[in-house]
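As structure tokens, the structure follows; a few thoughts come after it.
Numbering (the numbering used here), first residue to last: 568 to 712.
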């Protein structure tokens with residue numbers, strides 16, 4: 568699209584971790600609250616067929632309407648449940664952006680993988696075109712507002 572640009576950066580880290588030490592709390596997601604600083608809320612952008620799918624929008628604690636912030640887009644892992652670790656396969660599970668920023672200085676967006684019919688794909692990658700179309704529409708809406 569004319570006038571639209573994106574910068575993609577891939578970070579690589581190394582080191583050791585200590586389980587359950589200095590864990591960063593992630594705010595609970597609200598289904599009905601409007602976006603606000605420090606809040607994780609359901610974010611819906613109508614699709615081309617008039618439906619909408621849940622994504623997650625998390626504005627940083629230091630967010631102001633006049634500010635400019637990088638946007639971190641994240642997709643969830645596939646659905647799985649094992650002792651001590653699980654994923655629902657839903658955008659609610661997207662918390663790495665919050666962990667990387669400690670809730671400050673960046674907008675974090677949790678995006679779903681979508682099937683061709685527009686439903687969330689909890690297993691696998693879903694339909695690449697449907698997923699990409701939805702991701703672009705969400706990112707455009709976040710950046711515009």
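Where is the CB? At the ideal position from N, CA and C, for every residue including glycine.
- Membership of residue 593 in any beta strand (DSSP E) is not indicated, and neither H nor E is assigned to it by DSSP.
- Per the coordinates, the alpha-carbon of residue 702 lies some 31 Å from the alpha-carbon of residue 650.
- Of the other Cβ atoms in all chains shown, 16 or more fall within 10 Å of the Cβ of residue 610; this residue is therefore buried.
- Contact check for residue 687 against residue 709 fails: the beta carbons are separated by 8 Å or more.
- In this structure, 665 is the residue among 665, 691 and 700 with its C-alpha nearest to the C-alpha of residue 592.
- Bounds of the beta strand (DSSP E) holding residue 607 are 607-613.
- A straight line joining the alpha-carbon of residue 712 with that of residue 648 spans about 36 Å.
- Residue 661 sits buried, since 16 or more C-beta atoms from the chains shown fall within 10 Å of its C-beta.
- Taking one beta carbon from each stretch, the stretch 676-690 and the stretch 610-625 have 3 or more pairs nearer than 8 Å; the two touch.
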